[in-house]
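Numbering (our numbering), first residue to last: 4 to 199. Just below is one structure, and these are the notes that go with it.
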């Protein structure tokens, strides 16, 4: 690991986050991938649509490599939060396909540019809009992992499925009964503070 190329290392972290986010859709119905699970409407398919759009912007326009993907939810007349949910006309396959095409476009940018390549984020304040590929990689890794964490919680609320990957849930050992007891213990401790 100490001999790894820094760009390859960052790219690997990005790919882990991408795959974790997409895995959260596996095995769920159309309703469940679209279902708003928070008061602000957070839903699994919307998270994927948003992150795909983020990648296309940061690894595209920022480095004068715009993609040909239409993103009507970013148009001046688009409704607020249009990138955070899938309309009835947008299928799961379309959103996942968009995300895979965003990966390919982003990966091409990452491949051809050096980490110190300079770009400009048009929607950031002037005093920090000039960036490097390194900065954008860190930013998008952070954003993708953040939303993969949101997706993990949303998925747990839907069907109690948790974890980082199908082959590694990254959770402590314990069966369902252990987790129920653990949660009950935490609830009892929290209730103690509610009485004060």
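Virtual Cβ for every residue (Gly too), placed ideally from N, Cα, C. Values in this document were obtained by computation on a predicted structure and should not be read as measured data.
Item, Value
"Residue 27 vs residue 154 beta-carbon contact at 8 Å", "yes"
"Closest Cα partner of residue 109 within the set 50, 21 and 9", "21"
"Cβ-based neighbour list, residue 39, same chain, cut-off 8 Å, excluding 5 preceding and 5 following", "45, 46 and 88"
"Within the segment 155 to 193, ranges of the alpha helix (DSSP H) (whole runs, at least 4 residues)", "none"
"Sequence ranges, alpha helix (DSSP H) only - wholly within the segment 67 to 130, length at least 4", "95 to 115"
"Member of 190, 150, 188 and 157 whose CA lies at the smallest distance from the CA of residue 56", "150"
"Stretch-stretch touch, CB-based, cutoff 8 Å, three pairs: the segment 109 to 119 with the segment 75 to 86", "no"
"Separation of residue 59 from residue 71, as counted between CA atoms", "10 Å"
"Own chain, CB closer than 8 Å to residue 144, minus 5 neighbours either side, in chain order", "13, 16, 17 and 20"
"Residue interval of the alpha helix (DSSP H) (run including residue 201)", "Outside the shown range of the chain, which is 4 to 199, sits residue 201, and nothing can be said about it."
"Start and end residues, alpha helix (DSSP H) containing residue 9", "9 to 26"
"Inter-residue Cα distance where the pair is residue 29 and residue 61", "27 Å"
"Proximity to residue 53 [Cα-Cα], best of 42, 66, 84 and 64", "84"
"Beta-carbon proximity list for residue 148, same chain, < 6 Å, skipping 5 on both sides", "20"
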